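Reading through the structure tokens given below for one structure.
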Amino acid sequence: MKRFFAILALLGAVSIGAPAWADETPAGASATSTAVATAQAAAAASASTEGSAAAAPAPTLSKADNAWIMVCAALVILMSLPGLALFYGGLVRTKNMLSVLMQVFVTFSLISVLWVAYGYSLAFTEGGSFFGVLDKVFLKGVTVDSLGATFSKGVLISELTFVIFQGAFAAITCCLIVGAFAERAKFAAILLFMVIWFTLSYAPMAHMVWYWAGPDAYLDAAAGEAAGKTAGFLFQKGALDFAGGTVVHINAAVAGLVGAFMIGKRIGYGRESMAPHSLTFTMIGASLLWFGWFGFNAGSALEASGGSALAMVNTWVATACATLSWMLAEWILKGKPSMLGAASGAVAGLVAITPAAGFVGVMGAIAIGLLAGVICLWGVNGLKHLLGADDSLDVFGVHGVGGMLGAILTGVFAAPSLGGTGVYDYVTNAVGEYDMGAQVISQLWGVGTVIVWSGVVSLVAFKLVDMLIGLRVPEDEEREGLDITSHGESAYHY
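If you read the sequence shown in the working numbering, its first letter stands for residue 278, the second for the next number, and so on.
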């Protein structure tokens, strides 16, 4: 164990420094500070044009929007603790219940610390197209007076609120991965992998998709063009991801699938019963996920606005539709509807609507939800057998397939002609012309990039961890169960 912590510390130090080498431009301001600067410049220009001698007013915090995002951050945390932990815990066998709870609980804690240490800086500062820089390590320069951009000009929230909101996203993304290789992975190996993967896959992917200079940077066409060049790689490609279809779900699912292949199948897989030990816990966990997901999706509007309300309604409706479509398809195929199917359908709907939540109309959300239930049911049955991996809790079948489906269909149903919002042009301050074909291509860019990026990083990370400390527990420990052999405790005492 001492060797593990020494390795963990060394990897953390190396990982913090390494991404800076990939920067393509000199260090600059983050999206939040850039938005403040451009807001001040715009106000000053306006005052000059009007001949006013008064100084431009300083940007101010929107207290209502800030309060809403603080609530949403708490809801996203609830998704992990205890939502995802209970959902996963109910799906494993009795002897591994505590091990899964520990993996989610401690992974969440680890990523929370890494986020404020350097993750936020790598993801949300201006650097290259793939990585930010380390200007804000340990939240250097982020104070109670720091303001962050939203998606409306002149509307700002506390940067600290943005930090915790995005940090909760980072944490649950890493927690999702553990379900793919539950019941046989070493606890220390999981934590070491998370440090590497978070640093080299999650943080850069968040930067590629979500980093931009903020709406106040788009003063005119020239300023907009200059601001666009500072954005992340996939943001520049025009890929839409409202709340994390690529950054969170596909990213985590690919990592989980790679892990399932590299760690190998559970002993007795395909020969012994590995039924969930408590669908009661799974149903409670799914319900908490659904509730918390309102903060996940509606909060991604970064304002308490009509757009936030649209995302909330779409999240509600798409999830309900996916629950019904999965249940009905299962009923037809297997003769009986199951609680496991209903809970899995709900999560599939939540995943699929995530990238689209604020971009599509209600009819688009209904279509996405109905398709997600049926296609993800195939993902955890037909596709799983084709791949041949023991993805214990169907992370790829639900989060990977659902994330890809939602990301691609965002390009279709975001079209105003189909009830979507279109894409807003911050230079003209109006919705621009929408080209569905071009947008779908942009969405495919996003999906393809995250599959390749996460796949390569995950492969290297798992291989490195295997070389250093090994990935899998010994056979006798796996048979006895990880609760006792890894943690010295039991979830139940009969």
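Note that CB positions come from ideal geometry on N, CA and C, so glycine has one too.
The model shown is predicted, which means the values in this text are computed figures rather than measured ones.
Endpoints, alpha helix (DSSP H) assigned at Gly-425: It is not in any alpha helix (DSSP H) - Gly-425 instead sits in the beta strand (DSSP E) that spans 424–426.
Minimum C-alpha distance to Gly-396 - residue among Ser-406, Phe-382, Val-381, Leu-416: Leu-416
Cβ contact (3+ pairs, closer than 8 Å) linking the region 613–628 and the region 501–510: no
For Thr-596, the nearest candidate out of Val-651, Val-727, Ala-692 (CA to CA): Val-651
7 Å CB neighbourhood of Trp-570 in its chain, flanking five on each side removed: Met-356, Thr-592, Leu-627
Reference Gly-646, options Asp-667, Pro-614, Trp-603, Gly-444, closest by Cα: Trp-603
For Arg-543, three-class secondary structure by DSSP: coil
Reduced DSSP category for Tyr-479 - H, G, I as helix; E, B as strand; rest coil: helix
Euclidean distance between Cα positions of Cys-349 and Met-744: 40 Å
DSSP state of Val-708 mapped onto helix, strand, coil: strand
Counted within 10 angstroms of its Cβ, other Cβ atoms place Val-313 as buried (16 or more) or exposed: The predicted model places Val-313 with a pLDDT of 35, which falls under 50 and marks its position as unreliable; any figure quoted below should be read in that light. Its Cβ being crowded by 16 or more others within 10 Å, Val-313 is buried.
Element boundaries [alpha helix (DSSP H), containing Ile-561]: 556–575
Unbroken beta strand (DSSP E) run spanning Ser-435, endpoints: 433–435
Spatially closest choice to Ala-642 from Lys-611, Gly-688, Leu-664, Lys-661, by CA coordinates: Gly-688
Cβ-Cβ distance between Met-379 and Phe-464 below 9 Å: yes
Cβ pair count under 8 Å reaching 3, the region 677–693 against the region 710–723: yes
Proximity of Ile-346 and Ile-434 at Cβ, strictly below 9 Å: yes
DSSP-derived helix/strand/coil call for Ala-494: helix
Thr-600 - DSSP class collapsed to helix/strand/coil: helix
For Asp-518, three-class secondary structure by DSSP: coil
Lys-661 versus Ala-575: straight-line alpha-carbon distance, rounded: 32 Å
For Ala-691, three-class secondary structure by DSSP: coil
Buried versus exposed, by CB contacts within 10 Å (16 or more), Thr-337: exposed
Selected residue, minimal CA-CA separation from Cys-451, among Gly-431, Leu-605, Leu-437, Leu-468: Leu-468
Contact the region 528–548 vs the region 572–589: 3+ CB pairs below 8 Å: no
Identity of the residue in Pro-632, Met-640, Gly-699, Glu-710 nearest Val-678 by Cα: Pro-632
Those residues which DSSP pairs with Asp-702 across a bridge: Ala-707
For Leu-338, three-class secondary structure by DSSP: strand
Distance between beta carbons of Val-353 and Gly-509, contact taken as under 8 Å: Contact doesn't hold; Cβ gap of about 21 Å is too wide.
At least three beta-carbon pairs within less than 8 Å, the region 358–377 to the region 549–560: yes
Reduced DSSP category for Arg-370 - H, G, I as helix; E, B as strand; rest coil: coil
Assumed close pair Asp-342, Arg-543 - CB separation to whole angstroms, cut-off 8 Å: Not really, about 47 Å apart at Cβ, beyond 8 Å.
Endpoints, the alpha helix (DSSP H) within which Arg-811 is located: Past the edges of the chain, shown from 278 to 771, lies residue 811, and the structure says nothing about it.
Residue of Leu-610, Lys-613, Gly-541 minimising C-alpha distance to Gly-747: Gly-541
Length of the line joining the Cα atoms of Val-486 and Lys-430: 20 Å
Rounded separation between Leu-759 and Thr-420 - CA only: 43 Å
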